[in-house]
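Inspection log for the structure reproduced underneath, given as structure tokens.
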Amino acid sequence: MEQSGGLEERLQSLHEEIREWPGLEHLHRIAVVTYDARAERVRTFAHSNVGPRPLDPLSGNLGDYPLLQAVAETGRPWIDNAIISVPGSTGPGGRLLQQGFRSRYLSRIHWQGSLYGFLFLNSRKEGFFTESIVSALMPYRRVIGVLVASEMTSTRAMLAAVHTALEVSHYRDEETGAHLSRMSRYAQLVAAKIASKHGLSDEFIEYVLQYAPLHDVGKVAIPDSILLKPGKLTPDEFGVMKTHVTKGLDIINAMIHDHGLGALPHAAILRNVVACHHEAFDGSGYPNGLSGEAIPLEARIVAVADVFDALTSVRPYKGAWTNEAAAAFLREQAGRKFDPDCVAALLTDMSVIEAIQQQFRDVPSIPPAPGR
Numbered sequence: 001m002e003q004s005g006g007l008e009e010r011l012q013s014l015h016e017e018i019r020e021w022p023g024l025e026h027l028h029r030i031a032v033v034t035y036d037a038r039a040e041r042v043r044t045f046a047h048s049n050v051g052p053r054p055l056d057p058l059s060g061n062l063g064d065y066p067l068l069q070a071v072a073e074t075g076r077p078w079i080d081n082a083i084i085s086v087p088g089s090t091g092p093g094g095r096l097l098q099q100g101f102r103s104r105y106l107s108r109i110h111w112q113g114s115l116y117g118f119l120f121l122n123s124r125k126e127g128f129f130t131e132s133i134v135s136a137l138m139p140y141r142r143v144i145g146v147l148v149a150s151e152m153t154s155t156r157a158m159l160a161a162v163h164t165a166l167e168v169s170h171y172r173d174e175e176t177g178a179h180l181s182r183m184s185r186y187a188q189l190v191a192a193k194i195a196s197k198h199g200l201s202d203e204f205i206e207y208v209l210q211y212a213p214l215h216d217v218g219k220v221a222i223p224d225s226i227l228l229k230p231g232k233l234t235p236d237e238f239g240v241m242k243t244h245v246t247k248g249l250d251i252i253n254a255m256i257h258d259h260g261l262g263a264l265p266h267a268a269i270l271r272n273v274v275a276c277h278h279e280a281f282d283g284s285g286y287p288n289g290l291s292g293e294a295i296p297l298e299a300r301i302v303a304v305a306d307v308f309d310a311l312t313s314v315r316p317y318k319g320a321w322t323n324e325a326a327a328a329f330l331r332e333q334a335g336r337k338f339d340p341d342c343v344a345a346l347l348t349d350m351s352v353i354e355a356i357q358q359q360f361r362d363v364p365s366i367p368p369a370p371g372r
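Numbering (the numbering used here), first residue to last: 1 to 372.
So this is what it looks like as structure tokens:
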């Protein structure tokens with residue numbers, strides 16, 4: 001059964017409820033930052049603000065944020081009841097102050113021995129986080145912690161189940177390596193760039209990043225004679241290859257059922273990425289010939305990210321295209337194969353693409369042809 005409302009929507013509802021209590025009406029901002037233990041990275045995941053959003057999404061290594069690291073290690077919340085601006089500083093304190101905030105509270109989200117992230121609370125009232133206010137907020141902090149841990153646990157279970165399936169099935173094409181890391185971050189980059197125009201939340205962007213690598217999970221059901229064929233596929237072979245889309249959706253649905261993941265957050269994003277990433281903007285794609293905005297946005301994002309990385313990667317049957325050549329191809333196909341907004345978003349800053357390529361370099365592999 002599909003979950004009704006994401007974490008951000010529930011966080012906003014909870015925020016409204018909190019502010020109805022006398023004394024708590026001055027809680028003007030709640031933000032959740034998640035922690036990825038495997039990559040040791042933190043990212044803004046959900047937020048609720050009274051007024052404009054004061055800060056850009058946080059994203060980086062946990063070690064880059066000494067305060068977060070200290071709270072994570074000690075478990076002790078951090079309170080600042082008189083935010084000040086340090087001359088020349090571009091840190092969060094100064095930006096919060098510019099938006100009128102005067103008090104802030106930070107605690108870790110820790111559940112059953114694991115760090116899931118951090119909770120940020122802010123007020124425009126100086127001295128807001130008194131002992132009595134902190135005590136009154138305790139039940140809500142615990143509820144938010146449970147919501148975050150529950151959501152992330154379901155997601156981690158799904159990702160682990162899929163990765164296990166890939167390993168058991170001897171899944172040996174390019175999507176076991178750096179390709180998945182690069183294309184998922186390209187997808188995150190695109191989603192973040194178009195977020196304002198399309199009204200996308202940090203939560204949506206995070207799940208695009210998490211689910212993008214699972215787009216071709218259906219290839220585990222394709223025979224090696226086709227999947228690993230170094231040359232061009234025959235029409236019949238290509239017909240079999242195309243079934244990886246529907247097979248992938250079957251696999252995802254089976255895993256959700258078999259692993260008791262009915263509450264998997266934003267399962268629709270995962271299903272859409274798997275089912276629609278080979279649809280084309282002009283309707284010439286497969287399996288359903290969807291076109292334009294009938295193709296889910298997350299699938300349009302992943303399609304651009306996936307093809308760009310396939311073009312710029314070395315394969316047994318071709319050399320790697322230059323970034324410039326791949327960019328020219330995407331621009332040529334914008335409005336045909338690809339969503340023009342997604343193409344423009346990916347190609348806005350080539351230096352970011354180059355940084356991703358440097359961070360996630362290829363290791364030797366024997367992949368199949370791209371775009372299948």
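Using N, Cα and C, we set each Cβ at its ideal position, and we do this for glycine too.
Between the CA atoms of residue j and residue i - distance to the nearest angstrom
i: D349; j: R182; result: 15 Å
i: A70; j: A39; result: 18 Å
i: R104; j: T155; result: 29 Å
i: P77; j: L68; result: 10 Å
i: R300; j: A72; result: 37 Å
i: P351; j: V134; result: According to the sequence shown, residue 351 is Ser rather than Pro. Distance between the alpha carbons of S351 and V134 is about 44 Å.
i: I30; j: S13; result: 11 Å
i: N253; j: G239; result: 22 Å
i: E17; j: L159; result: 33 Å
i: L311; j: G60; result: 28 Å
i: S416; j: L297; result: With the chain running from 1 to 372 in the structure shown, residue 416 is simply not present.
i: F128; j: L137; result: 12 Å
i: L11; j: L119; result: 11 Å
i: S169; j: H215; result: Note that S169 scores 49 on pLDDT, short of 50, meaning its location in the model is unreliable and no value can be drawn from it.
i: E131; j: R19; result: 17 Å
i: F338; j: A37; result: 34 Å
i: E279; j: G117; result: 36 Å
i: E151; j: S107; result: 18 Å
i: A192; j: W21; result: 35 Å
i: S196; j: D236; result: 43 Å
i: G6; j: L200; result: 12 Å
i: D341; j: R95; result: 30 Å
i: R185; j: P213; result: 10 Å
i: R361; j: A294; result: 34 Å
i: A303; j: M255; result: 23 Å
i: Q188; j: Q333; result: 21 Å
Start and end residues, beta strand (DSSP E) containing residue i
i: F118; result: 114 to 123
i: D80; result: 78 to 80
i: T34; result: 29 to 36
DSSP state of residue i mapped onto helix, strand, coil
i: I109; result: strand
i: Y140; result: helix
i: A320; result: coil
i: N61; result: strand
i: I353; result: helix
i: T348; result: coil
i: I222; result: coil
i: H170; result: Because the pLDDT at H170 is just 45, under 50, the model does not fix this residue reliably, and the value given afterwards should be weighed accordingly. H170 falls in the coil class under three-state DSSP.
i: V343; result: helix
i: S89; result: Residue confidence is low: S89 scores 47 on pLDDT, short of 50, so the model does not pin down where it sits. No coordinate-derived value is stated.
i: S154; result: helix
i: S103; result: strand
Proximity winner among the options, relative to residue i (alpha-carbon distances)
i: V307; options: E16, I83, W321; result: W321
i: E8; options: D36, N253, A46, T34; result: A46
i: L377; options: I109, R76, L27; result: Limits of the chain in this structure are 1 at one end and 372 at the other, which puts residue 377 out of reach.
i: A178; options: D309, L347, L24; result: D309
i: Y211; options: A355, S114, A275; result: A275
i: P139; options: R185, D56, H15; result: H15
i: H266; options: L290, E237, D202; result: D202
i: L346; options: I194, G335, P213, F120; result: I194
i: G145; options: L27, A221, V32, I356; result: V32
i: G63; options: V42, L290, T74; result: V42
i: Q98; options: L55, S225, L115; result: L55
i: T74; options: L58, G113, G51; result: G113
i: F101; options: G23, N122, L115; result: N122
i: F204; options: G218, N272, I356; result: N272
i: R336; options: G292, L27, A268; result: G292
Unbroken alpha helix (DSSP H) run spanning residue i, endpoints
i: V208; result: 202 to 211
i: H15; result: 7 to 19
i: A334; result: From DSSP, A334 is part of no alpha helix (DSSP H); its letter is neither H nor E.
i: S181; result: 178 to 193
i: R271; result: 267 to 276
i: V42; result: V42 -> not in any alpha helix (DSSP H); beta strand (DSSP E) instead, spanning 41 to 49.
i: T74; result: 66 to 74
i: I301; result: 297 to 311
i: D236; result: 235 to 242
Check: residue i C-beta below 7 Å from any heavy atom of the ligand ZN
i: L7; result: With respect to the ligand ZN, the structure shown offers nothing to examine, as it has no ligands at all.
Exercise. So, do the stretch 239 to 255 and the stretch 284 to 291 have three or more beta carbon pairs nearer to each other than 8 Å?
Worked result: yes
Q.
Would the stretch 223 to 240 count as touching the stretch 323 to 338 if we require 3 or more Cβ pairs under 8 Å?
A. no
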